[in-house]
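Going by this note's numbering, the sequence shown opens with residue 890, and the numbers climb by one from there. Don't be surprised by glycine CBs; every beta carbon is placed ideally from N, CA and C.
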Amino acid sequence: MKTFYKIPLYLDMDGTIVDTASQMDYIFNNYFVDENHWRVPMTDGRYDKSSSDFVELECKLDQIPGLFSYHIVEPMVGALSVIEKLVATGAYDLHIITTAPWYNQSAWTDKIEWVQHYFGRDPESPFYKKVHLTHNKHQVIQNEGILIDDRSAHGAGLWDNPLIGSVWIQYDYNNLVWDGKLETILLALAERFNAYDGVGQPPTRDLFHQVLKNDIHEKHHDEDDFTGITNDFPENVSKQPWEMLYT
Ligand SMILES: [Mg+2]
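Below, the structure written as C-alpha cells:
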C-alpha cells in the first residue's frame, strides 16, 4: 500500500450516497399545496414526519427546514458498505462534495451532521474535515481525480477533463450504482493501483481508463437531463420533484 499518494475520490451526497429522492417524492405526494407552498408536519421549526403539528411553508421543496437531516433521509442502497470496502483498500483519498440549497440554512448543518452520523466525527472517519459544500464543484477538480455525482450541475460535469485526467462518473447511469458496476470498477481500480511498484508517477489515469474500458463504455450522459422546474409545472409535470433540487 502506498502512503504518499492516493486516488482522489469525491462523492456527491443527494442522489449518490443519500436517498433524498424518496423523501422528496413523499413530501411531494403528501404535502403539496403548490410549487411554492407545502403543508408539512413540523417540530421546532423543522420537518418531522412523526409530528401531528402541520405548518404551511412558503418555499421551494428543497428549502424545507430539516429535509436533509439524518433523521429524515437514508443512505442509498449499498453506499455505506461499498465505501467501507473502498476505505479498506487504502487506495483512495475520499471526500464529500455537495451543494446545499442557498436559501435552506438548515441544509448546511444537516449535511455535516449526516456525514458525521454515518461515518463518525473523529479523525478515524474517512471524511474527517474532508467535506466540501459548494455551488461550484469545478473549483475543486483534482488532477487524476474521480467525481461520482448523479448530475452534471454545479460544475460536476466539468470534472470530465482528459487534459488533467479527471473524470466524472454519473451515478445511476449505465448500472453505475453502489450495488452494481460501481463497486466492481472502483475495487478493480484500487487493486490495480495497489499493485503499482512505486517507481515514477502513479499511473492512475491510464489504469483508470483500462479498468473503465473493460467494464463500461460510457460513464455519463452526453447532456444533463436535469434542467430545473418546467414552466408547465404542476399541471403537466415532466420532472420528478427531486429533479427540482438546487434551482
Ligand atoms: Mg446529486
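Decide if residue i is buried, meaning its Cβ has at least 16 other Cβ atoms within 10 Å, or exposed.
{"i": "Thr909", "result": "buried"}
{"i": "Thr905", "result": "buried"}
{"i": "Val1066", "result": "buried"}
{"i": "Leu1152", "result": "Past the edges of the chain, shown from 890 to 1136, lies residue 1152, and the structure says nothing about it."}
{"i": "Phe1115", "result": "Here the model assigns Phe1115 a pLDDT of 43, short of 50, so the residue's position is not dependable, and the following value carries that caveat. So Phe1115 ends up on the buried side."}
{"i": "Ser970", "result": "exposed"}
{"i": "Glu1013", "result": "exposed"}
{"i": "Asn1032", "result": "exposed"}
{"i": "Asn1064", "result": "exposed"}
{"i": "Gly1046", "result": "buried"}
{"i": "Gly929", "result": "The question names Gly, but residue 929 is Val in the sequence shown. Flag for Val929 reads buried."}
{"i": "Gly955", "result": "buried"}
Cα separation between residue i and residue j?
{"i": "Trp1166", "j": "Pro1015", "result": "Here the chain has residues from 890 to 1136 only, and residue 1166 is not among them."}
{"i": "Phe957", "j": "Asp1086", "result": "43 Å"}
{"i": "Phe1122", "j": "Glu924", "result": "The predicted model places Phe1122 with a pLDDT of 36, which falls under 50 and marks its position as unreliable; any figure quoted below should be read in that light. Approximately 8 Å, taken between the alpha carbons."}
{"i": "Leu983", "j": "Leu898", "result": "5 Å"}
{"i": "Lys1000", "j": "Gly979", "result": "25 Å"}
{"i": "Tyr920", "j": "Leu1075", "result": "39 Å"}
{"i": "Lys974", "j": "Val1056", "result": "21 Å"}
{"i": "Leu1078", "j": "Lys895", "result": "12 Å"}
{"i": "Cys948", "j": "His926", "result": "6 Å"}
{"i": "Ile972", "j": "Asn1050", "result": "24 Å"}
{"i": "Arg1081", "j": "Leu946", "result": "51 Å"}
{"i": "Val907", "j": "Val962", "result": "7 Å"}
{"i": "His1024", "j": "Leu1071", "result": "25 Å"}
{"i": "Ser911", "j": "His1021", "result": "24 Å"}
{"i": "Ala996", "j": "Tyr981", "result": "27 Å"}
{"i": "Leu1036", "j": "Lys1019", "result": "14 Å"}
{"i": "Pro964", "j": "Asp1068", "result": "13 Å"}
{"i": "Tyr1007", "j": "Ala1084", "result": "30 Å"}
{"i": "Arg1010", "j": "Leu900", "result": "18 Å"}
Here's a check: name, in chain order, each residue in its chain whose Cβ is nearer than 6 Å to the Cβ of residue i, leaving out the five neighbours to either side.
{"i": "Tyr1135", "result": "In this predicted model, Tyr1135 has a pLDDT of only 46, less than 50, meaning its place in the structure is not dependable; the value taken from the coordinates is given anyway. Cβ neighbours of Tyr1135 beyond the five flanking positions: Thr988, Pro990."}
{"i": "Lys1108", "result": "Ile1058"}
{"i": "Asp1061", "result": "Asp1039"}
{"i": "Gly1044", "result": "Asn1025, Lys1026, His1027"}
{"i": "Gly1034", "result": "Pro897, Ser1055"}
Given residue i, which residues of its chain have a CB within under 8 Å of its CB, disregarding the five upstream and five downstream residues?
{"i": "Val976", "result": "Leu983, Pro1015"}
{"i": "Ile953", "result": "Ile916, Trp927, Val929, Tyr936, Leu946, Asn993"}
Give every residue of the same chain whose Cβ lies closer than 7 Å to the Cβ of residue i, excluding the five residues on either side of it in the sequence, and list them in chain order.
{"i": "Met931", "result": "Asp937, Ser940, Asp942, Val944"}
{"i": "Met902", "result": "Ile985, Thr987, Lys1000"}
{"i": "His1110", "result": "Gln1059, Tyr1062"}
Using 7 Å as the cut-off, classify the Cβ of residue i as near or not near the heavy atoms of ligand 2, replying yes or no.
{"i": "Gly1034", "result": "Ligands present in the displayed structure are limited to ligand 1, and ligand 2 is not among them."}
Under a criterion of Cβ closer than 6 Å to any non-hydrogen atom of ligand 1, which residues qualify, in chain order? Asp901, Asp903, Gly904, Thr905, Asp1038, Asp1039, Arg1040
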